[in-house]
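Participant:
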Amino acid sequence: MSDDLRILAVPALSDNYVWLLADASGAAIAVDPGEAAPVQAALSREGLRLAAVLLTHHHPDHIGGTAALTRGNPVPVFAPHDERIAIPCTRVGDGDRVELSDPGLRFSVIAIPGHTKSHIAYHGHGVVFCGDTLFSVGCGRIFEGTPAQMLASLDRLAALPGDTLVCCGHEYTVANCAFAKTVDPDNAALARRLSQARAQRERGVPTVPVSLAEERACNPFLRVDTDAIITALPDAPDRVERFAELRRRKDDFRAAAA
Ligand SMILES: [Zn+2]
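Position one of the sequence shown corresponds to residue 90 (my numbering), numbered consecutively onward.
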């Protein structure tokens, strides 16, 4: 990420993050504002001014604060083609570009269906805003797509440069590492990530953003082609089935932990 930009993870709702990306003038974009109040508080605390809103998918915990944030401050709002987002906005889809003059930021839009059918990511300036598709050491639940679709979406994200900062929608890292250890127990990078994430949470700081290179080393959902995951899931005939089996096990793991 270039030096004149600042990125902030603003905690919202129970475990969401709203992302703020600001330039040196204090103009900021907000990504997935599920709630307005914490965003307004962060903007005022940091001396920032909201200049645009980017939305990745239609779930209320990602869009719910948009109306309040833009009331009386009609900044541009960008969102995927999905009528369930009933907000005045510019619709964008795969291959489109979001070009902002204030702050001067440009993003390319990547379609990443699976969690929802119209989910998109925004990539630019060494950052990717990936909503609920890629989490640190995990991935989103598949609500509206197929495992093959979700895996293809993760493949697209994983192909971005290794120094890309992954800005995801939730703080799930510690629990995700606990699951990842069950299928990738000898992964030293994963063990380091877990102890680092635990320490970060004990200090009350976010575990994200994290580099994509780190995710490739730790995240089992990006590692379906590695010997470790192939060995852990010997009955799955191919990478899509390995991914589907990982996702099923993660669903059960969460259910068992809850
Ligand atoms: Zn979601």
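The C-beta atom is built at its ideal place from N, Cα and C for all residues, glycine as well.
(1) Along the chain, where does the alpha helix (DSSP H) that runs through Glu135 open and close?
(2) Return the chain-ordered list of same chain residues with a C-beta closer than 8 angstroms to the C-beta of Ala302, the five sequence neighbours on each side being excluded.
(3) Is any non-hydrogen atom of ligand 1 found closer than 6 angstroms to the C-beta of Asp59, if you look at the structure I gave you?
(4) Taking only beta-carbon positions, decide if His146 is within less than 7 angstroms of chain B.
(5) Can you have a look at Gly220 and say buried or exposed, based on whether 16 or more other CB atoms are within 10 angstroms of its CB?
(6) Could you name the residues of the same chain whose beta carbon sits closer than 8 angstroms to that of Leu335, not counting the 5 residues immediately before and after it, in chain order?
(7) According to DSSP, Phe224 sits in a beta bridge with which residue or residues?
(8) On the DSSP bridge assignment, give the partners of Glu188 in chain order.
(9) For Pro298, does the count of other Cβ atoms within 10 angstroms reach 16, so buried, or fall short, so exposed?
(10) Sort Asp171, Ala210, Leu254 by Cα distance to Asp183 and report the nearest one.
(11) I'd like to know whether the C-beta atoms of Thr262 and Ser225 end up nearer to each other than 7 angstroms.
(12) Identify whether Val329 lies in helix, strand or coil by the three-state DSSP scheme.
(13) Figure out for me which residue from Ala119, Ser300, Val217, Leu139 has the closest Cα to the Cα of His151.
(14) At the level of alpha carbons, what is the spacing between Ala347 and Arg331?
(15) Helix or strand or just coil, what does DSSP make of Ala347?
(16) Alpha helix (DSSP H) containing Gly158: first to last residue?
(17) In the DSSP output, which residue or residues are listed as bridge partners for Phe310?
(18) Do you know how far the Cα of Asp112 is from the Cα of His44?
Facilitator: Inspection of the coordinates gives the following:
(1) 126 to 135
(2) Gly251, Asp252
(3) In this structure the chain extends from 90 to 347, so residue 59 is not present and cannot be described.
(4) Structure shown: chain B not included; a single protein chain is present.
(5) buried
(6) Val272, Pro309, Phe310, Val313, Ile318, Leu322
(7) Gly227
(8) Arg195
(9) buried
(10) Ala210
(11) yes
(12) helix
(13) Ala119
(14) Low local confidence applies: a pLDDT of 47 at Ala347 is under 50, so the model's placement there is unreliable, and no value is given.
(15) Residue confidence is low: Ala347 scores 47 on pLDDT, short of 50, so the model does not pin down where it sits. No coordinate-derived value is stated.
(16) The displayed chain sequence assigns Leu, not Gly, to residue 158. That run of the alpha helix (DSSP H) goes 155 to 159.
(17) DSSP, once it has assigned bridges, lists no residue as partnering Phe310.
(18) The requested residue 44 does not occur in the structure, where the chain is confined to residues 90 to 347.
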